[in-house]
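S.K.: I'd like to ask some things about the structure below.
There are 2 protein chains.
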Amino acid sequence: MASLLRAATWGMFPWRGYCSRGTQGKLSEGFVEALKAVVGSPHVSIAAAVREQHGHDESMHRCQPPDAVVWPQNVEQVSRLAALCYGQGRRLCQPDPHGPNPGAESGRLLCGGGARRHPQSPQHPPARQRPLVPYPGADASLCGMVATGASGTNAVRYGTMRDNVLNLEVVLPGGRLLHSAGPGRHFRKSAAGYNLTGLFVGSEGTLGLITAATLRLHPAPEATVAATCAFPSVQAAVDSTVHILQAAVPVARIEFLDDVMMDACNRHSKLNCCVAPTLFLEFHGSEQALAEQVQRTEEIIRHNGGSHFSWAKEAEERSRLWAARHNAWYAALALRPGCKGYSTDVCVPISRLPEILVQTKEDLQASGLTGTIVGHVGDGNFHCILVVDPEDHEELLRVKDFAEQLVRRALALHGTCTGEHGIGLGKRQLLQEEVGTVGIETMRQLKATLDPRGLMNPGKVL
Amino acid sequence: MASLLRAATWGMFPWRGYCSRGTQGKLSEGFVEALKAVVGSPHVSIAAAVREQHGHDESMHRCQPPDAVVWPQNVEQVSRLAALCYGQGRRLCQPDPHGPNPGAESGRLLCGGGARRHPQSPQHPPARQRPLVPYPGADASLCGMVATGASGTNAVRYGTMRDNVLNLEVVLPGGRLLHSAGPGRHFRKSAAGYNLTGLFVGSEGTLGLITAATLRLHPAPEATVAATCAFPSVQAAVDSTVHILQAAVPVARIEFLDDVMMDACNRHSKLNCCVAPTLFLEFHGSEQALAEQVQRTEEIIRHNGGSHFSWAKEAEERSRLWAARHNAWYAALALRPGCKGYSTDVCVPISRLPEILVQTKEDLQASGLTGTIVGHVGDGNFHCILVVDPEDHEELLRVKDFAEQLVRRALALHGTCTGEHGIGLGKRQLLQEEVGTVGIETMRQLKATLDPRGLMNPGKVL
Numbered sequence: 001m002a003s004l005l006r007a008a009t010w011g012m013f014p015w016r017g018y019c020s021r022g023t024q025g026k027l028s029e030g031f032v033e034a035l036k037a038v039v040g041s042p043h044v045s046i047a048a049a050v051r052e053q054h055g056h057d058e059s060m061h062r063c064q065p066p067d068a069v070v071w072p073q074n075v076e077q078v079s080r081l082a083a084l085c086y087g088q089g090r091r092l093c094q095p096d097p098h099g100p101n102p103g104a105e106s107g108r109l110l111c112g113g114g115a116r117r118h119p120q121s122p123q124h125p126p127a128r129q130r131p132l133v134p135y136p137g138a139d140a141s142l143c144g145m146v147a148t149g150a151s152g153t154n155a156v157r158y159g160t161m162r163d164n165v166l167n168l169e170v171v172l173p174g175g176r177l178l179h180s181a182g183p184g185r186h187f188r189k190s191a192a193g194y195n196l197t198g199l200f201v202g203s204e205g206t207l208g209l210i211t212a213a214t215l216r217l218h219p220a221p222e223a224t225v226a227a228t229c230a231f232p233s234v235q236a237a238v239d240s241t242v243h244i245l246q247a248a249v250p251v252a253r254i255e256f257l258d259d260v261m262m263d264a265c266n267r268h269s270k271l272n273c274c275v276a277p278t279l280f281l282e283f284h285g286s287e288q289a290l291a292e293q294v295q296r297t298e299e300i301i302r303h304n305g306g307s308h309f310s311w312a313k314e315a316e317e318r319s320r321l322w323a324a325r326h327n328a329w330y331a332a333l334a335l336r337p338g339c340k341g342y343s344t345d346v347c348v349p350i351s352r353l354p355e356i357l358v359q360t361k362e363d364l365q366a367s368g369l370t371g372t373i374v375g376h377v378g379d380g381n382f383h384c385i386l387v388v389d390p391e392d393h394e395e396l397l398r399v400k401d402f403a404e405q406l407v408r409r410a411l412a413l414h415g416t417c418t419g420e421h422g423i424g425l426g427k428r429q430l431l432q433e434e435v436g437t438v439g440i441e442t443m444r445q446l447k448a449t450l451d452p453r454g455l456m457n458p459g460k461v462l
Numbered sequence: 001m002a003s004l005l006r007a008a009t010w011g012m013f014p015w016r017g018y019c020s021r022g023t024q025g026k027l028s029e030g031f032v033e034a035l036k037a038v039v040g041s042p043h044v045s046i047a048a049a050v051r052e053q054h055g056h057d058e059s060m061h062r063c064q065p066p067d068a069v070v071w072p073q074n075v076e077q078v079s080r081l082a083a084l085c086y087g088q089g090r091r092l093c094q095p096d097p098h099g100p101n102p103g104a105e106s107g108r109l110l111c112g113g114g115a116r117r118h119p120q121s122p123q124h125p126p127a128r129q130r131p132l133v134p135y136p137g138a139d140a141s142l143c144g145m146v147a148t149g150a151s152g153t154n155a156v157r158y159g160t161m162r163d164n165v166l167n168l169e170v171v172l173p174g175g176r177l178l179h180s181a182g183p184g185r186h187f188r189k190s191a192a193g194y195n196l197t198g199l200f201v202g203s204e205g206t207l208g209l210i211t212a213a214t215l216r217l218h219p220a221p222e223a224t225v226a227a228t229c230a231f232p233s234v235q236a237a238v239d240s241t242v243h244i245l246q247a248a249v250p251v252a253r254i255e256f257l258d259d260v261m262m263d264a265c266n267r268h269s270k271l272n273c274c275v276a277p278t279l280f281l282e283f284h285g286s287e288q289a290l291a292e293q294v295q296r297t298e299e300i301i302r303h304n305g306g307s308h309f310s311w312a313k314e315a316e317e318r319s320r321l322w323a324a325r326h327n328a329w330y331a332a333l334a335l336r337p338g339c340k341g342y343s344t345d346v347c348v349p350i351s352r353l354p355e356i357l358v359q360t361k362e363d364l365q366a367s368g369l370t371g372t373i374v375g376h377v378g379d380g381n382f383h384c385i386l387v388v389d390p391e392d393h394e395e396l397l398r399v400k401d402f403a404e405q406l407v408r409r410a411l412a413l414h415g416t417c418t419g420e421h422g423i424g425l426g427k428r429q430l431l432q433e434e435v436g437t438v439g440i441e442t443m444r445q446l447k448a449t450l451d452p453r454g455l456m457n458p459g460k461v462l
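Just so you know, the protein sequences line up as chains A and H, in that order.
Position 61, counted from 1, in the first sequence is what UniProt numbering calls 61; the numbers after and before it change by one each time, with no gaps.
Position 229, counted from 1, in the second sequence is what UniProt numbering calls 229; the numbers after and before it change by one each time, with no gaps.
Below you can see the structure in the form of structure tokens.
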């Protein structure tokens, strides 16, 4: 594991926010004036077109647009907005953590109105210092990724957001400002009191608004090499993954794409890869360490029948490869133009990954649905991207059934219904099955304590 | 970072527990009978000698012995005990997480009576699978280490308890059983609801009783090499640490011992090392990877004036070296027979470590106190072990002043008052300074929610 030497903090300004009726009926003119008094007239909009623009996301969940959109300029304004909304019973919502990222488990958009944050620009750190962790899908913001407990392709080596957040600046429901590890602190470890940082990471905006995040920085690797490799079967690809991890090869990324996904990527991203179950890999280290990692990995992969190695050492080649991986969502959508996508997100213990992936592939083929499989297999996490006609209710039901059956299989294998997309609206029932009655009740107690009026991203998670 | 392939769960039975008067005055005979009805007569004791035996720890805080000692045999009994005590307003306390470990920030023993758990036998996993993380000082139990959010010498590579706990079985104050990640689950990552696991790790028994922990297992390394190396100054040793981490050498352990500590270790553990600021190092990996790590480290250390390398490749040699490191507490105590030890525990950002360590060494020399410095410098965490005559109140005051000044310096450098020992009784005021008013109030809200009667390890942390 690359060592922590530095940390850096990113604020989330400028951003858009949404504000709406909440429990008190439609926004009054007076309330809109009060919003303007906080952020300035040009930074509040109640225009129908603006509200509509912010009233949907990539998910298939239908939501109401907000009643107002606001653009606070600094944390003091967020604090005053929160106090104003909370005092008057107006709902406040979680940002859409993944921006336009596919696969967000929806429901991060407002339902029943609410205020939603959305950074205008993705807050990417400088390349040499980038926290390798939260390599975002699409244009996710860092604070949004914190709110979902997101991860990404290099979590297998560098951990997820849960592992890499050192401190958070949070505006609590009533408007008070919390620094989860104390103001300005960024130590590597601590045993000082309850882990407030950990409580807010992944809380999906239901406990407070995250306005700044301090993350671990990992040194950029001395050298990097990426590769793709084709396999005769899903089993062979996933077995290889398990063996590579068992051999303690410190792989930086290991991603699985099934044959349908590879076909779609070839067409969408103009690759020329085998149409077969495939692993995308990346290694970080010194030149000498890389040579050893590559050699061990090749041995394991050949032993499992892998072939068609394609090594990418230059930055440009690697970028092309990973761009194809990161565009997998759009490549899948292109299989049925005009349709919408839905992504599953189960995660299981690595030892159970081969059986669930092989079974899921068989089920997908038998289902008659259009779908691909793509996964962060080094974490035991994978997605089925199902492409569905949103007007075809019978097909929507089949997608729902397929997704629920997959989650229940994952739960039976000691897994989770969501590795990185969150609960949102869509998985509230599944969360109950996963954590049990006492778990859900404990979560409800925490929610009621920190958000007693239930105005923060209402209806989400619980 | 070694990859997660397996997880394992350790329960904490058999264990001892303490139970006492709580808010209702002295234990009634009827209550003692009720305890016996839960765990069986042979598993309850109110004998003075037994209570006294469990009424003190290695810290300098003075506590009352419990009113009763109980030995529950399984989690159902713990649950019934918790329900019984909670229903009748009897206090329940946190175990002594470090067993006889030096440096525990005290206060994990009962004050004002209470029930305290203490596993009879340290629950060490099998050697080949041992989670390299929580390499315990002395005889700490795994569940106790979870309760403190402990770490140890190999946290620099494998993380602390916070990073490695996948699931907890917790008996909540009223006796209900919580599985923090859902019953039986042990996935590598999740975005499913609030992070209850993270909330209980480090809660020092103030929110519930941890009865089982599921931890990540890291593969045992293919090869291991350890080393010691002497430096001309504290600055040179700590600079080397920073440079090794900056070079992304995946060091498995990197421990600093000052000259006084080395002198004490030489005598206590019959070593023959230089009496100088020293680093103890360990590297894990393949033979080839080790060679590269060792070479890079030697270059850095020589550049900083290090000398007297002593490499230990065989298991026996390494064990001898690390046994000396782990016995540092007793080596320090042996400097003044009959005296007691007090350990500080600050942790700062790695970039601020050289300045605080150099300054602390100067302060220690100027103080006239008997003290050594030993630290998990790869994490930015170090301890001053101060050896003090417990009957000399003037000296005790000077120790207290020295420790508080050190914490305030650490806080000023964005650090924490405790890297791994916890808050206990001794650092409650410092916790407030560290996390601020909103942080403390948020912690108090969480405590009041989960333990509304305030009976769990009362008086600790907050």
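Ideal placement from N, C-alpha and C gives every residue a C-beta, glycine not left out.
Fair warning: this is a prediction, and the values are worked out from it, not measured in the lab.
For residue 26 of chain H, which of H/89, H/79, H/254, H/434 has the nearest alpha-carbon?
M.R.: Among H/89, H/79, H/254, H/434, the Cα nearest to that of residue 26 of chain H belongs to H/89.
S.K.: By DSSP, does residue 423 of chain H sit in helix, in strand, or in coil?
M.R.: Coil, per DSSP.
S.K.: Would you call residue 345 of chain H buried or exposed, if buried means 16 or more other Cβ atoms sit within 10 Å of its Cβ?
M.R.: Counting Cβ neighbours within 10 Å, residue 345 of chain H comes out buried, since at least 16 surround it.
S.K.: Within its chain, find whatever has a CB closer than 6 Å to the CB of residue 178 of chain A; leave out the 5 residues flanking it on each side and keep chain order.
M.R.: Contacts found: 170, 172.
S.K.: For chain H, is any of its Cβ atoms less than 8 Å away from the one on residue 457 of chain A?
M.R.: It does not; no Cβ of chain H falls within 8 Å.
S.K.: Determine, using beta carbons only, whether residue 382 of chain A comes closer than 8 Å to chain H.
M.R.: No, because no Cβ of chain H sits closer than 8 Å to the Cβ of residue 382 of chain A.
S.K.: What does the Cβ neighbour count give for residue 214 of chain A, buried or exposed, with the cut at 16 atoms within 10 Å?
M.R.: When all chains shown are included, residue 214 of chain A counts as buried.
S.K.: Among H/211, H/161, H/393, whose alpha-carbon lies nearest the alpha-carbon of residue 72 of chain H?
M.R.: That would be H/211, whose Cα lies nearest to the Cα of residue 72 of chain H.
S.K.: In the DSSP assignment, what residue or residues form a beta bridge with residue 169 of chain H?
M.R.: Partner(s): H/179, H/212.
S.K.: Which ranges would you report for the beta strand (DSSP E) in the stretch 228-315 of chain A if only whole runs of at least 3 residues count?
M.R.: DSSP runs (the beta strand (DSSP E)) wholly in the stretch 228-315 of chain A: 253-257, 278-285, 307-312.
S.K.: Which residue spans inside the stretch 341-394 of chain A form an unbroken alpha helix (DSSP H) run of at least 4?
M.R.: Runs found: 353-367.
S.K.: Tell me, please, whether the CB atom of residue 241 of chain H is closer than 8 Å to any CB atom in chain A?
M.R.: So, not an interface residue.
S.K.: Please report how far the alpha carbon of residue 39 of chain A lies from the alpha carbon of residue 82 of chain A, in whole angstroms.
M.R.: Straight-line Cα distance between these residues: approximately 12 Å.
S.K.: Quick check on DSSP: helix, strand or coil for residue 224 of chain A?
M.R.: Reduced to three states, the DSSP call for residue 224 of chain A is strand.
S.K.: Taking only the alpha-carbon atoms, compute the straight-line gap between residue 409 of chain A and residue 239 of chain A and give it to the nearest angstrom.
M.R.: Going by the C-alpha atoms only, they are around 19 Å apart.
S.K.: Strictly below 8 Å CB to CB, what residues from chain H border residue 423 of chain A?
M.R.: Going along chain H in sequence order, the residues near residue 423 of chain A (Cβ under 8 Å) are 191, 192, 193.
S.K.: How should residue 444 of chain H be labelled, buried or exposed, when 16 other C-beta atoms within 10 angstroms of its C-beta is the threshold for buried?
M.R.: It counts as exposed.
S.K.: Per the contact definition of three or more C-beta pairs closer than 8 Å, is the stretch 318-337 of chain A in contact with the stretch 253-261 of chain A?
M.R.: Result yes; three or more Cβ-Cβ pairs closer than 8 Å.
S.K.: Where does residue 109 of chain H land, buried or exposed, given buried means 16+ other C-beta within 10 angstroms?
M.R.: Since pLDDT at residue 109 of chain H reaches only 31, below the 50 mark, its modelled position is unreliable, and the value read off the structure follows with that caveat. Counting Cβ neighbours within 10 Å, residue 109 of chain H comes out buried, since at least 16 surround it.
S.K.: Over the uninterrupted beta strand (DSSP E) stretch that includes residue 69 of chain A, give me the two end residues.
M.R.: Where residue 69 of chain A is concerned, the enclosing beta strand (DSSP E) stretches over 68-70.
S.K.: Give, in chain order, every residue of the stretch 402-418 of chain H whose Cβ lies closer than 7 Å to some Cβ of chain A.
M.R.: Within the stretch 402-418 of chain H, the qualifying residues are 414, 415, 416, 417, 418.
S.K.: Starting from residue 163 of chain A, follow the alpha helix (DSSP H) in both directions and report where the run begins and ends.
M.R.: Where residue 163 of chain A is concerned, the enclosing alpha helix (DSSP H) stretches over 161-164.
S.K.: Please state the DSSP three-state secondary structure of residue 194 of chain A.
M.R.: Three-state result, residue 194 of chain A: coil.
S.K.: So which residues on chain A does residue 420 of chain H lean against when the C-beta distance must stay under 9 Å?
M.R.: The contacting residues are 189, 190, 191.
S.K.: Where does residue 416 of chain H fall in DSSP's three states?
M.R.: Reduced to three states, the DSSP call for residue 416 of chain H is strand.
S.K.: Please confirm whether residue 347 of chain H has its beta-carbon closer than 8 Å to some beta-carbon of chain A.
M.R.: With 8 Å as the cut-off, residue 347 of chain H counts as an interface residue toward chain A.
S.K.: Would you list, in chain order, the members of the stretch 308-333 of chain H that have their beta-carbon closer than 7 Å to a beta-carbon of chain A?
M.R.: Listed in sequence order: no entries.
S.K.: According to DSSP, is residue 141 of chain A part of a helix, a strand, or is it coil?
M.R.: Here residue 141 of chain A sits in coil by DSSP.
S.K.: Residues bridged to residue 45 of chain A by DSSP?
M.R.: DSSP, once it has assigned bridges, lists A/69 as partnering residue 45 of chain A.
S.K.: Just reading off the alpha helix (DSSP H) that residue 204 of chain A is part of, what are its end residues?
M.R.: Per DSSP, residue 204 of chain A belongs to no alpha helix (DSSP H) and is neither H nor E.
S.K.: From the DSSP output, read off the bridge partner residues of residue 456 of chain H.
M.R.: For residue 456 of chain H, which the question treats as bridged, DSSP gives the partners H/92.
S.K.: Whole-angstrom Cβ separation of residue 378 of chain H and residue 245 of chain H, contact assumed at under 8 Å?
M.R.: At roughly 6 Å, the Cβ-Cβ gap stays under 8 Å, so residue 378 of chain H and residue 245 of chain H are in contact.
S.K.: So, are the CB atoms of residue 197 of chain H and residue 451 of chain H less than 8 Å apart?
M.R.: In this structure, residue 451 of chain H does not lie closer than 8 Å to residue 197 of chain H by Cβ.
S.K.: Smallest Cα separation from residue 91 of chain A: which of A/77, A/68, A/437?
M.R.: For residue 91 of chain A, the nearest C-alpha among the options comes from A/68.
S.K.: Could you check whether the Cβ of residue 92 of chain H sits closer than 8 Å to any Cβ belonging to chain A?
M.R.: Answer no: the Cβ-Cβ gap between residue 92 of chain H and chain A never drops below 8 Å.
S.K.: Using 8 Å as the limit for Cβ to Cβ distance, is residue 235 of chain A near chain H?
M.R.: Chain H contact via Cβ: absent.
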